[in-house]
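Let me begin by presenting the structure, written as structure tokens, before commenting on it.
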Amino acid sequence: MAEEKKNDEVQEETKDVKEETKQPEASPEKEEKPQEEKKADQDQEIADLKEEANKWKTEYYKVFADMQNTQKRLTKEFDNTKKFMMQNFIEDLLPVVDNFERSLASEANDESLKNFLKGYQMIHDQLMNILEKNGVKAIEAKVGDDFDPNLHQAIMTEKVDGMEPNKITEELQKGYMLKDRVIRATLVKVSE
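The sequence shown begins at 1 in full-length UniProt numbering and counts up one residue at a time.
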């Protein structure tokens with residue numbers, strides 16, 4: 001009897017396996033429908049992937065453009081910094097140049113004083129050559145030139161017969177430029 005039970009169990013298991021492996025016969029209508037659905041799903045997936053690729057491509061171009069703009073800005077800032085890094089030093093040095101020029105403007109009656117002033121003149125010339133080599137140049141302001149508020153600072157006005165208004169009548173202190181930037185405007189008197 002135990003053997004019969006085992007045989008019955010084996011037969012039932014075999015039936016279960018056969019039923020599980022048994023596939024219903026596919027009709028042509030059922031095969032076409034899943035293929036159409038598959039194709040539609042694939043088309044949708046392709047469209048989604050293309051959309052995502054375009055999104056990433058657009059994002060890439062934005063980031064690349066930002067990077068180029070940042071690089072240009074930093075290059076410009078670096079060039080300006082390099083160009084004008086000596087500005088503070090030169091501004092501090094200009095009063096020394098002014099004192100040199102004042103001392104050279106004095107007249108010497110004594111021969112030893114004249115020799116002393118010649119030495120002073122040589123030092124002044126050497127200093128001015130060094131400044132010019134580093135991009136510093138004096139702003140010209142001659143009597144009769146037009147007053148330019150970008151280059152000159154009017155300290156006084158005076159009425160001068162025969163001179164048009166806004167003309168320079170006297171230079172009171174030299175102005176200087178570093179490259180293309182005014183670091184000190186020329187102090188002038190201007191006609192009314």
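C-beta: ideal position from N, C-alpha, C; glycine also.
### Message
Let me confirm a value: residue 198 is counted as buried when at least 16 other C-beta atoms fall within 10 Å, else exposed. Which label applies?
### Response
In the structure as shown, the chain starts at 1 and stops at 192, and residue 198 therefore has no counterpart that could be examined.
### Coarse secondary structure for residue 97, derived from DSSP in three states
helix
### Task
Going by DSSP, name the residue or residues bridged to residue 63.
BP columns for residue 63 are empty, so no partner.
### Task
May I ask which residues mark the beginning and end of the beta strand (DSSP E) holding residue 170?
168–173
### Task
Could you spell out where the beta strand (DSSP E) holding residue 187 opens and where it closes?
Where residue 187 is concerned, the enclosing beta strand (DSSP E) stretches over 186–191.
### Query
In three-state DSSP terms, what is residue 156?
strand
### Task
Return the chain-ordered list of same chain residues with a C-beta closer than 7 Å to the C-beta of residue 17, the five sequence neighbours on each side being excluded.
With a pLDDT of only 49 at residue 17, under the threshold of 50, the placement of this residue in the model should not be trusted; the figure read from the coordinates follows. Excluding residues within five positions, none has a Cβ falling inside 7 Å.
### Query
With burial defined as no fewer than 16 other Cβ atoms inside 10 Å of the residue's Cβ, what is the status of residue 186: buried or exposed?
Looking at its Cβ environment, which holds 16 or more other Cβ atoms inside 10 Å, residue 186 is buried.
### Message
Less than 8 Å between the C-beta atoms of residue 104 and residue 117, yes or no?
### Response
With respect to the 8 Å criterion, residue 104 and residue 117 are classified as neighbours on the basis of their beta carbons.
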